[in-house]
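A quick write-up on the structure given underneath.
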Amino acid sequence: MQIAEMRVWTKWVDEYFCWCVSTIGWERMIGPMARKLSDAEFEEKLKHIPVPEQQAKWRSARAGFPQAVLDEEMRKIGVSIDRLEQRLSQSEWLAGEDYTLADICNFAIANGMQFGYADIVNKTATPHLVAWIERINARPATQAMFARSQSEMPPRPAATAA
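In the UniProt record's numbering, the protein residues as written are 1 to 162.
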């Protein structure tokens, strides 16, 4: 039973939760960056993106997603947050008593939401979700992964005056 539940959670995060968070992330982060590029710079950047769907997402982010799309994606994020909170109020982990791939996959999307979506993910509104995020962040493997990723990241270029 736990394996089936784990699979439901991993499929759900891939097909629902990830997409709505991704659209908002593109709007908040990629859109402003893409809008700063000249038309020529933007088109040159797209030439280096081999996946047509990703090129389309860059174009959508540059143009700005329609407000109706953003509103719907935020509604879906709310549904996702509620679903996670409800499940984690019943169990320490998503698929039962054990930490599983379900937790890892959902953590990849949920981690940091207490900062980027603090109005809906916080210790008052979603105490079980925040505690779960904190539990996973406290795991030695998680800490080692983040430490390794920080040391392997190339330095960011210095900001230039516009």
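All C-beta atoms in this analysis are idealised placements derived from N, C-alpha and C, irrespective of residue type, glycine included.
Source: prediction; values computed, not measured.
DSSP three-state assignment for residue i, whether helix, strand or coil
i, result
"TYR16", "helix"
"TYR64", "The question names Tyr, but residue 64 in the sequence shown is Gly. Reduced to three states, the DSSP call for GLY64 is coil."
"GLY25", "helix"
"THR160", "Reliability fails at THR160, whose pLDDT of 42 lies under 50, so the model's placement of it is uncertain and no value is given."
"ILE77", "helix"
"THR10", "helix"
"PRO52", "helix"
"ILE3", "helix"
Bridge partner(s) assigned by DSSP for residue i
i, result
"residue 220", "Because the chain is modelled from 1 through 162, residue 220 falls outside the range shown and cannot be assessed."
Continuous alpha helix (DSSP H) stretch holding residue i: start and end
i, result
"GLY31", "31 to 36"
Chain D contact for residue i (CB, 8 Å cutoff)
i, result
"ARG75", "In the displayed structure, chain D is absent; only one protein chain is listed."
Any 3 or more C-beta pairs closer than 8 Å across the region 18 to 36 and the region 66 to 74: yes
Any 3 or more C-beta pairs closer than 8 Å across the region 4 to 14 and the region 94 to 114: yes
Stretch-stretch touch, CB-based, cutoff 8 Å, three pairs: the region 24 to 31 with the region 49 to 67: yes
The region 136 to 143 in contact with the region 49 to 56 per 3-pair CB rule at 8 Å: no
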